[in-house]
Amino acid sequence: YFNADGSMYTGWLEQNGKWYYLNELDNSLQGAMFTGWMKRDHATYYMNSNGERLEGWYEIDGSWYYFYPGTGEMAVSTSIDGFYVNEYGVWR
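Numbered according to my numbering, the sequence shown terminates at residue 98, and the numbering increases by one at each position without gaps.
Below, the structure is given as structure tokens:
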């Protein structure tokens, strides 16, 4: 994805109400759409196979996680609607 000036876009990108993360590293992966787990700025996120940031409850590899609406940050060590998620974000 490129900016209007032709430069490669990196970082968070919102398109049609969906959020994506484009790699900021200055290497061959710069601008590549991120998928899977990502830690950034002391928060954990998950991007699905289309690169879309998840929000709400999702089952990933057999475990349930909650991602806050609006930010996509994974909830840890807290209760969401009466359901406790541990320090790894997994509902128990």
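A virtual CB, placed ideally from N, CA and C, is assigned to each residue, including glycine. Being a predicted model, the structure only gives us computed values, none of them experimental.
1. With distance defined between alpha-carbon atoms, name the residue in Phe89, Lys24 and Gly88 nearest to Leu60.
2. Does the Cβ-Cβ distance between Glu30 and Gly42 come in under 8 Å?
3. Bridge partners for Phe40 per DSSP, in chain order?
4. Short of 8 Å in beta carbon distance, which residues of its chain neighbour Ser83, apart from the five on each side in sequence? Order them along the chain.
5. By the DSSP assignment, the beta strand (DSSP E) with Val91 in it spans what residues?
6. Enumerate in chain order the residues of its own chain whose CB-to-CB distance from Tyr15 is below 7 Å, with the five nearest sequence positions on each side excluded.
Quick answer:
1. Lys24
2. no
3. DSSP output for Phe40 lists no bridge partner at all.
4. Val91, Asn92 and Glu93
5. Phe89 to Val91
6. Tyr7, Phe8, Asn9, Leu28 and Gly37
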